[in-house]
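First to last, the protein sequences are chains A and B. Quick note: the first sequence uses this note's numbering, first residue 1, plus one each step. Quick note: the second sequence uses this note's numbering, first residue 1001, plus one each step.
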Amino acid sequence: MSNPTENSPRLKLRSVLATDCGSTTTKAILIEKVGEEYRQTWRGEAPTTVEAPFEDVTRGVVNAATEVQELSGRKLVTEDGGILTPEQDSNEGVDIYISTSSAGGGLQVVVGGVVRTMSAESATRAALGAGAIVMDTFATNDKRRPHEQIERIRQLRPDMILMAGGTDGGTRKHVVALAERIRAARPRTRLGGGFNLPVIYAGNKDVRPEISELLNEVCDLQLVNNVRPVLEDEDLGPARDKIHDLFMEHVMAQAPGYDKLMTWTDAPIMPTPGAVGLIMQTIARQRGINILGVDIGGATTDVFSVFTEIFNRTVSANLGMSYSVSNVLAEAGLPAILRWVPFDINEKMLRNRIGNKMIRPTTIPQTLEELKIEQAIAREALRLAFIQHKEFAVGLKGVQQDRTIADAFRQSGDDSLVQMMELDLLVGSGGVLSHAPRRVQSMRMMIDAFAPEGITQLAVDSIFMMPHLGVLSTVNEEAATQVFEKDCIIYLGTCVAPLGAVKAGQPALKVSLEMPGGKVIDEVLDSMELRLYQASHDDEVQATLTPLQRQLDLGAGPGKPLTKTLRGGVVGIVIDTRGRPDIQIPTEPNERVAMLDRWVRALGEYPDEEGG
Amino acid sequence: MAAVFTPGLKVAEHAIVHKDRRLPLKGQVTVQVGDTVTADQVVARTELPGKIYPVNLANKLGVDPGRLTEFLLKGEGDKVENGEVIGRTNGFMGFFKAEASAIVTGTIESVSTITGQVIFQADPIPVEIDAYMNGKVVEVVPDEGCVVQSAATFVQGIFGLGGETKGLLTMGVEAPTDRLEASSINESMAGKIIIGGAYLDLAGLQRAIDVGAIGVVTGGFDYDEIKEVLGYEVGVAITGGEDLGLTLIVTEGFGSIQMAPATFDLLKSKVGKRASINGATQIRAGVMRPEVVVTFDEQEVPDELVSAPEPVGISIGDQVRGIRAPYFGSLGKVAGLPVEPVVLDSGSKARVMQVEFENGEVAVLPRANVEAIER
Chain A
1 MSNPTENSPR LKLRSVLATD CGSTTTKAIL IEKVGEEYRQ TWRGEAPTTV
51 EAPFEDVTRG VVNAATEVQE LSGRKLVTED GGILTPEQDS NEGVDIYIST
101 SSAGGGLQVV VGGVVRTMSA ESATRAALGA GAIVMDTFAT NDKRRPHEQI
151 ERIRQLRPDM ILMAGGTDGG TRKHVVALAE RIRAARPRTR LGGGFNLPVI
201 YAGNKDVRPE ISELLNEVCD LQLVNNVRPV LEDEDLGPAR DKIHDLFMEH
251 VMAQAPGYDK LMTWTDAPIM PTPGAVGLIM QTIARQRGIN ILGVDIGGAT
301 TDVFSVFTEI FNRTVSANLG MSYSVSNVLA EAGLPAILRW VPFDINEKML
351 RNRIGNKMIR PTTIPQTLEE LKIEQAIARE ALRLAFIQHK EFAVGLKGVQ
401 QDRTIADAFR QSGDDSLVQM MELDLLVGSG GVLSHAPRRV QSMRMMIDAF
451 APEGITQLAV DSIFMMPHLG VLSTVNEEAA TQVFEKDCII YLGTCVAPLG
501 AVKAGQPALK VSLEMPGGKV IDEVLDSMEL RLYQASHDDE VQATLTPLQR
551 QLDLGAGPGK PLTKTLRGGV VGIVIDTRGR PDIQIPTEPN ERVAMLDRWV
601 RALGEYPDEE GG
Chain B
1001 MAAVFTPGLK VAEHAIVHKD RRLPLKGQVT VQVGDTVTAD QVVARTELPG
1051 KIYPVNLANK LGVDPGRLTE FLLKGEGDKV ENGEVIGRTN GFMGFFKAEA
1101 SAIVTGTIES VSTITGQVIF QADPIPVEID AYMNGKVVEV VPDEGCVVQS
1151 AATFVQGIFG LGGETKGLLT MGVEAPTDRL EASSINESMA GKIIIGGAYL
1201 DLAGLQRAID VGAIGVVTGG FDYDEIKEVL GYEVGVAITG GEDLGLTLIV
1251 TEGFGSIQMA PATFDLLKSK VGKRASINGA TQIRAGVMRP EVVVTFDEQE
1301 VPDELVSAPE PVGISIGDQV RGIRAPYFGS LGKVAGLPVE PVVLDSGSKA
1351 RVMQVEFENG EVAVLPRANV EAIER
């Protein structure tokens, strides 16, 4: 792998080809310097070729790059089937080539610790932050008996194990007991190949000799700093970095064709979710804002958040829109999905349709009715993934943070870092959000699923390029943020929603909007309303918002008016008086359908409601 | 965008089928390349490590973990019998002796002088893999298994429950549009695989289990009844390990959908023959579909491994089926392949094809919602 700083491309970077090798599709984008700024100019995609009959990821990469080459007229692929770097002239080659990957099931990690809510939780946070899927978390107090844990470790075929436990100088016995179980299980790697499974030990450093003696023979043992050196501190960086190194050395090196791909890229290949997390953190840091991001896929849903500079990521491994769609039904329950369906439907038929989507995951909604059902399911998948995220995103700082002893014992969901009233920007990504026929549908899905409070901007990733920009940010942050702003993010608009339960049939909010050009809109919204005001992202709308029910709070305090400049977007400004934190939806079926119908008409979500 | 179609389920009267027969752990392969094998013949065997049982013997004996080995009568690697005394303390002046016994027949895997834990490993469990279908061994992977190749009638389903089994095919219905009713399932179907039609309900499935049928093939089944059968919902389509008393193969999907006539007629033509079936389904990476394999009596199996051809695109005139509402389960042929994307009723823009259905209706469907019927 060449060093990206060679020939100083960081200083004079002109062009970048970036790919994301997903489990089904490899997506390539071309980024070029246009005038004084970086822009994403062309994109191409091709099926991923990790599995038989091809078993070589680079074929999909070259196919996707060839599509970009054909569209852009810039030669990107060499005669012998590689990526042409560096740029020769504006029609030939690119300065750097970079890639992310989630092909072959991504990075799968098993985590172990002594206490579930302490060292095991810290280790889980480190693994998730590195972009891993955590297959299982073991702790000496996780209620499974030792032989059950050993059986489970045997059955799982992870890419690596991250083992923590004990503060430095703390417990030895429990840490050794955990290592004994791993040794007894003799875990094997997912991809086989005769290699020992990598085990990262990030626990009590005083126990390293015993751990080495126990595990050296049966695993490829790696020792890093303790993720929980003292009770009040967390140090996740070294474990995270080691996971990334091993991802390159073991997982990538054994996946078909990756040995070749690694020699092509000018920066280490990153796990896709790790790269998305990176770009989220970069944007939050640069703008000094709180961000919540979601990427909803066919099999999994990732949620990222940066609140008060603390980054958290969770992956809901079985919440998705195709492979896992039946699991959304299983976890949410039919009534929860039905409450978002704006028409009557036979329950058995709905269950069969969801089952059929699971077994034919690549199909798309042809009729409006099918689309509405799919978007109802998406709301529940997003909502469930978000609940999991809120429960996990608690307490600790990403790299290192001082905490009091009292804080250390209060970590399980009652003090989530995710405070919706403090959220500035909610970003959605993934097929059902990025490719909804109308952007207003994406906005509605996100508002319903996340129930933002107060004033919140909403956006979507235009063509799913956040992974590409995440890895680009490690090479050239300026280019990554410019493209993010200009081409990646599409501002949908702003949601205004007072916190508090609303009293049905009563006025809820007095709205005064001074639109660009001086037009003033003065209106009163009743409870249980959704109303849309057209305004673009460039427009500045001076808003004075006055709660008409004492309990309602827009961020200035219950019952208190708020004056703020709002920005619109491709959808506009949506005012939502349906109550928070829980959106109030009628439970009686006829009433529910009538109410949902009113809301979709108010926003003009579907073609058949346009006249309404 | 070359690959714009969904590879379909295979329904072939005459196909070259090969099956990877792999051990879960390294072991002994009992066949050689070129061997002719029968479905029940063992082709590889191994021993799975026995279960692990950790016991804290230091606690049981009431001794310090650091001194545990002083009181053990057996050491790491030694064979033990269930109930055999393996640790004993001297007590005090002959009194207060403590003893500890092995809790399983097997070996002592390890002894920890830090935790006081002794880990027992039960005796290994023998595992054998059979050939699954009559055929010829075309490849041997040393210590791991082999590839068996056959000339066979091969029918793939879309979703299944339960694993591999073998038995005679028998008809349960007259036509592919018929429902397989409990009343038409009888004791003569014990040990057999019943071919159904458009639909099987829970009562029918239960009756098939009760009479001892080993498999049912049906066009449709209700999704919510899976939970009734298994006691849990199948949230992600990875199946094969279920134990419901038989193997269920659904050829079309969830709901009541007539079995594709080509599938039905082919299976009907094989009634009385012995079939190998497997309900294992995996829709994610490394797609696996449930299947019915009926090998020919006279084997015409190539000696060399025949690779499956790379899928080719769909052409005008090809047989297809709709795989999503509102055309779910409808069969027809490709009437047109417009190049430009079209805006669908849902408002999405997608590449489409024109399909002429069996009733003469011509409709436009997204290419993603159509599946080729492969023969």
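Just so it is clear, CB atoms sit at the ideal spot from N, CA and C, and this is done for glycine as well. In this text the structure is predicted, and so the values were computed from the model without any measurement.
Assign residue i to one of two classes, buried (16 or more other C-beta atoms within 10 Å of its C-beta) or exposed (fewer than that).
{"i": "Val1037(B)", "result": "buried"}
{"i": "Asp1143(B)", "result": "exposed"}
{"i": "Tyr1327(B)", "result": "buried"}
{"i": "Tyr1232(B)", "result": "exposed"}
{"i": "Gly81(A)", "result": "exposed"}
{"i": "Met270(A)", "result": "buried"}
{"i": "Asp1318(B)", "result": "buried"}
Work out the CA separation of residue j and residue i for me, nearest whole Å.
{"i": "Ala408(A)", "j": "Asp142(A)", "result": "Any reading at Ala408(A) needs caution, since the residue's pLDDT is 48, under 50, leaving its predicted position unreliable; the model's value is listed next. Cα to Cα, the separation comes out at about 18 Å."}
{"i": "Gly1162(B)", "j": "Val1043(B)", "result": "22 Å"}
{"i": "Glu1356(B)", "j": "Asp56(A)", "result": "38 Å"}
{"i": "Arg285(A)", "j": "Glu478(A)", "result": "13 Å"}
{"i": "Ala1015(B)", "j": "Gln281(A)", "result": "54 Å"}
{"i": "Val115(A)", "j": "Thr314(A)", "result": "20 Å"}
{"i": "Asp1265(B)", "j": "Met248(A)", "result": "52 Å"}
{"i": "Ala332(A)", "j": "Glu70(A)", "result": "45 Å"}
{"i": "Lys390(A)", "j": "Asp1201(B)", "result": "41 Å"}
{"i": "Asp259(A)", "j": "Val251(A)", "result": "10 Å"}
{"i": "Ala1335(B)", "j": "Gly1272(B)", "result": "38 Å"}
{"i": "Ile1088(B)", "j": "Leu1061(B)", "result": "Checking the displayed sequence, the identity of residue 1088(B) turns out to be Arg instead of Ile. Their backbone Cα atoms lie some 7 Å apart in a straight line."}
{"i": "Val570(A)", "j": "Val427(A)", "result": "14 Å"}
{"i": "Ser1256(B)", "j": "Ser1188(B)", "result": "26 Å"}
{"i": "Leu562(A)", "j": "Lys27(A)", "result": "44 Å"}
Could you have a look at residue i and say whether DSSP puts it in helix, strand or coil?
{"i": "Gly1332(B)", "result": "strand"}
{"i": "Cys488(A)", "result": "helix"}
{"i": "Pro1366(B)", "result": "strand"}
{"i": "Pro619(A)", "result": "Residue numbering for chain A in the displayed model covers 1 to 612; residue 619(A) lies beyond these limits and cannot be assessed."}
{"i": "Val1173(B)", "result": "coil"}
{"i": "Thr282(A)", "result": "helix"}
{"i": "Phe247(A)", "result": "helix"}
{"i": "Asn1278(B)", "result": "strand"}
{"i": "Gln1258(B)", "result": "coil"}
{"i": "Lys205(A)", "result": "helix"}
{"i": "Asp142(A)", "result": "coil"}
State yes or no: is the C-beta of residue i within less than 8 Å of the C-beta of residue j?
{"i": "Leu334(A)", "j": "Arg353(A)", "result": "no"}
{"i": "Met421(A)", "j": "Glu370(A)", "result": "no"}
{"i": "Asp302(A)", "j": "Arg379(A)", "result": "no"}
{"i": "Ile377(A)", "j": "Val325(A)", "result": "yes"}
{"i": "Ala267(A)", "j": "Thr474(A)", "result": "yes"}
{"i": "Ile1114(B)", "j": "Ala1102(B)", "result": "no"}
{"i": "Gly1220(B)", "j": "Ala1198(B)", "result": "yes"}
{"i": "Ala202(A)", "j": "Ala164(A)", "result": "yes"}
{"i": "Gly1253(B)", "j": "Gly1329(B)", "result": "yes"}
{"i": "Leu1180(B)", "j": "Gly1172(B)", "result": "yes"}
{"i": "Val1111(B)", "j": "Val1033(B)", "result": "no"}
{"i": "Ser1348(B)", "j": "Pro437(A)", "result": "yes"}
{"i": "Val1029(B)", "j": "Gly1145(B)", "result": "yes"}
{"i": "Ala1122(B)", "j": "Ser1276(B)", "result": "no"}
List the residues of chain B that residue i touches, going by C-beta distances under 7 Å, in chain order.
{"i": "Lys173(A)", "result": "Ile1114, Thr1115"}
{"i": "Lys348(A)", "result": "Asp1222, Asp1224"}
{"i": "Thr363(A)", "result": "Ile1323, Arg1324, Ala1368, Asn1369"}
Applying a beta-carbon distance threshold of less than 7 Å, which residues of chain A neighbour residue i?
{"i": "Glu1291(B)", "result": "Simply none; closest approach about 15 Å."}
So which residues of chain A does residue i contact, with C-beta pairs closer than 8 Å?
{"i": "Asp1345(B)", "result": "Gln366, Thr367, Leu368"}
Name, please, each residue of chain B whose Cβ falls closer than 8 Å to the Cβ of residue i.
{"i": "Tyr323(A)", "result": "Val1236, Ala1237, Ile1283, Arg1284"}
{"i": "Thr49(A)", "result": "Neighbours of Thr49(A) on chain B: none; closest Cβ ~11 Å, over 8 Å."}
Find the residues of chain A that neighbour residue i, judging by a C-beta separation of less than 9 Å, and give them in chain order.
{"i": "Gly1253(B)", "result": "Asn352, Gly355, Asn356, Ile359, Arg360"}
Could you list which residues in chain B have their beta carbon closer than 9 Å to that of residue i, in chain order?
{"i": "Glu217(A)", "result": "Residues of chain B passing the Cβ test: none, with the nearest at roughly 11 Å."}
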